[in-house]
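Student: Respectively, the protein sequence lines represent chains L and D. For the first sequence, the UniProt record's numbering begins at 1 and goes up steadily by one. For the second sequence, the UniProt record's numbering begins at 1 and goes up steadily by one. We put the beta carbon where it would ideally sit given N, CA and C, even for glycine.
Protein chains: 2
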Amino acid sequence: MGIADDSVEIRSQGWRTLAALHGLIEGELERALTSNVNLSVVEYTVLDALSRQHGWHMRMQQLGRATALSPSATTRLVNRLEERGLLTRVLCADDRRGIYTELTAPGQALLADARPVHDETLERALTQARDMPELAPLVDALPTLTRA
Amino acid sequence: MGIADDSVEIRSQGWRTLAALHGLIEGELERALTSNVNLSVVEYTVLDALSRQHGWHMRMQQLGRATALSPSATTRLVNRLEERGLLTRVLCADDRRGIYTELTAPGQALLADARPVHDETLERALTQARDMPELAPLVDALPTLTRA
DNA sequence: CATAAATGATTGCACACGCAACTATGCCGC
DNA sequence: GCGGCATAGTTGCGTGTGCAATCATTTATG
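Here's what the structure looks like:
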């Protein structure tokens, strides 16, 4: 068993750690956001991503990449948020196939409510993961990759 | 805006990076495993976790934690794998509430087929992520946390 | 120009998931 | 032993998701 086999095992180990930490954080966020502001994690991700965009509008495809969701799931996700009045569809003039989504005022207001819930829950989840020997190294590594 | 606010933003940034990388890898693994050996990522995770256990048996609850799945999802996941003959339920004598799951010979055989698919796909996904500026730091950090 | 290929987004369908309620077994204090 | 409580696992139900097929619009090709 040579060096190549070791690197395979190291990669798998890193992936398991990544998946475990992701599952822990997402589970905590899901519970906190749904019970407090009635938003799932992906729904929050959409609102948050929109709020970071210039002019607060994005194409469907960008939303799909931002949320790691399929096109069909993206469509229905936007449907749900639009029916709740949190965002609006705006078809862009230059390419009439494309559709922009924009945050509405209620959407921005709900996001303002959701952000502290999200941030505090994330902090609690990370401190919780920090106490697990398997996850601690990854938790410590996260803040170091802010700047390239 | 002081130091505290910065750390909140740094945490959120790290979480977005983690989620993005997780989504990319899981998507690649899902496609590769389903098309080649007809296994989802969680199903592979179960078989892999079982193969790492002494005696190849685990309780349902352990499987739930290993896969970040709810109890109900764990039950039905084991149902699917049992119906395919890849594992068997074995109720343990000391605590008759608990149920052990064991890999069968076909389960081990299928896992042997699936592992190279999994490993090669993981490597491709990581090199792919390595070329994305926002994901590269995390990809590079992963191998460093094997031992801590 | 007309027609084919490509792209953005949506719908039909089957399925995996979480939550809440439920059953069954184990663990107490009395 | 016996009621009360906790724990392990399973089921009913509603819902979010991916895949494949589809429609609409843009771009390329003859």
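Where DSSP assigns a beta bridge to Glu102 of chain L, which residues make up the other side?
Tutor: Here the question's residue 102 of chain L lines up with position 102 in the first sequence. The partner list for Glu102 of chain L (beta bridge, DSSP) reads L:His57 and L:Thr88.
Student: Alpha helix (DSSP H) containing Thr75 of chain D: first to last residue?
Tutor: Stepping through the second sequence from its first residue, residue 75 of chain D is reached at position 75. From DSSP, the alpha helix (DSSP H) with Thr75 of chain D extends over Pro71 to Glu83.
Student: Just how far apart, CA to CA, sit Glu102 of chain D and Val78 of chain L?
Tutor: Working through the second sequence from its first residue, we reach residue 102 of chain D at position 102. Working through the first sequence from its first residue, we reach residue 78 of chain L at position 78. If I take the Cα positions, the gap works out to 43 Å.
Student: For a cutoff of 7 Å on Cβ pairs, would you count Thr146 of chain L as touching chain D?
Tutor: Here residue 146 of chain L refers to the residue found at position 146 when the first sequence is read from its first residue. Cβ-Cβ to chain D under 7 Å: yes for Thr146 of chain L.
Student: Would you say Asp5 of chain D faces chain L, with C-beta separation under 7 Å as the test?
Tutor: For the purposes of this step, residue 5 of chain D is taken as residue 5 along the second sequence, with counting starting at 1. Not an interface residue.
Student: For His54 of chain L, would you say it is in contact with chain D, using Cβ-to-Cβ distances shorter than 7 Å as the test?
Tutor: Locating residue 54 of chain L in the first sequence gives position 54, counting from the first residue. Answer no: the Cβ-Cβ gap between His54 of chain L and chain D never drops below 7 Å.
Student: How is Ala148 of chain D classed by DSSP in three states: helix, strand or coil?
Tutor: As a position in the second sequence, residue 148 of chain D is number 148, starting the count at 1. Interpretation of Ala148 of chain D is limited by its pLDDT of 49, a score under 50 that renders its predicted location unreliable; the figure taken from the coordinates is listed afterwards. Three-state result, Ala148 of chain D: coil.
Student: Tell me, please, whether the CB atom of Leu142 of chain D is closer than 7 Å to any CB atom in chain L?
Tutor: The residue labelled residue 142 of chain D in the question sits at position 142 within the second sequence. At least one chain L Cβ lies under 7 Å of Leu142 of chain D.
Student: So the candidates are D:Gly55, D:Leu87 and D:Leu24; which of them puts its Cα closest to the Cα of Leu111 of chain D?
Tutor: For the purposes of this step, residue 111 of chain D is identified with residue 111 of the second sequence, where counting begins at 1. Among D:Gly55, D:Leu87 and D:Leu24, the Cα nearest to that of Leu111 of chain D belongs to D:Leu87.
Student: Relative to chain D, which residues along the stretch 18-47 of chain L have a C-beta separation below 9 Å, given in chain order?
Tutor: Going along the stretch 18-47 of chain L in chain order, one finds Leu18, Ala19, Ala20, Leu21, His22, Gly23, Leu24, Ile25, Glu26, Gly27, Leu29, Val41 and Thr45 with a Cβ nearer than 9 Å to chain D.
Student: Return the Cβ separation of Gly85 of chain D and Thr67 of chain D in integer angstroms, given the expectation that the two are a contact with Cβ distance under 8 Å.
Tutor: On the second sequence, position 85 is the one that residue 85 of chain D refers to. On the second sequence, position 67 is the one that residue 67 of chain D refers to. That pair is no contact at about 20 Å.
Student: Terminal residues of the continuous alpha helix (DSSP H) containing Leu134 of chain D?
Tutor: Here residue 134 of chain D refers to the residue found at position 134 when the second sequence is read from its first residue. The sequence given here has Glu at residue 134 of chain D, not Leu. Glu134 of chain D -> no alpha helix (DSSP H), and no H or E assigned at all.
Student: Return helix, strand or coil for Asp48 of chain L, following the three-state DSSP convention.
Tutor: Walking along the first sequence from the start, residue 48 of chain L turns up at place 48. Of the three classes helix, strand and coil, the one that applies to Asp48 of chain L here is helix, per DSSP.
Student: What do you reckon, are the CB atoms on Thr75 of chain L and Gly64 of chain L nearer than 7 Å?
Tutor: The residue given as residue 75 of chain L occupies position 75 in the first sequence. The residue given as residue 64 of chain L occupies position 64 in the first sequence. Going by C-beta atoms, Thr75 of chain L is not nearer than 7 Å to Gly64 of chain L.
Student: Can you pull the chain D residues whose beta carbon is under 7 Å from the beta carbon of Leu138 of chain L, in chain order?
Tutor: What you label residue 138 of chain L is simply residue 138 of the first sequence in a count that begins at 1. What Leu138 of chain L touches in chain D: Leu145.
Student: Quick one: which chain L residues come within Cβ less than 9 Å of Leu51 of chain D?
Tutor: Position 51 of the second sequence, counted from the start, is the residue given in the question as residue 51 of chain D. As written in the sequence, residue 51 of chain D is Ser, which differs from the Leu given in the question. Near Ser51 of chain D there are no residues of chain L at all, since even the closest Cβ is about 12 Å away, more than 9 Å.
Student: Looking only at its chain, what residues have a beta carbon closer than 6 Å to the beta carbon of Arg59 of chain D, apart from the 5 residues adjacent to it on each side?
Tutor: Indexing the second sequence from 1 puts residue 59 of chain D at position 59. Around Arg59 of chain D: Gly98.
Student: So that I know if they touch, is there some Cβ in chain D lying closer than 7 Å to that of Leu122 of chain L?
Tutor: Your numbering for residue 122 of chain L matches position 122 in the first sequence. At least one chain D Cβ lies under 7 Å of Leu122 of chain L.
Student: State yes or no: is the C-beta of His118 of chain D within less than 7 Å of the C-beta of His22 of chain L?
Tutor: Translated into the one-based positions of the second sequence, residue 118 of chain D becomes position 118. Translated into the one-based positions of the first sequence, residue 22 of chain L becomes position 22. Their beta carbons are not under 7 Å apart, which means His118 of chain D does not touch His22 of chain L by this criterion.
Student: By the 7 Å beta-carbon criterion, what residues does the stretch 64-92 of chain D contribute toward chain L?
Tutor: Listed in sequence order: Ala68.
Student: Output, in chain order, the set of chain D residues within a Cβ distance shorter than 8 Å of Gln13 of chain L.
Tutor: Counting from 1 along the first sequence, the entry for residue 13 of chain L is found at position 13. Near Gln13 of chain L (Cβ distances below 8 Å), the residues of chain D are Thr146.
Student: List, in chain order, every chain D residue whose beta-carbon is nearer than 8 Å to that of Asp119 of chain L.
Tutor: In the first sequence, counting from the first residue as 1, residue 119 of chain L sits at position 119. The answer, in chain order, is Val8, Arg11 and Ser12.
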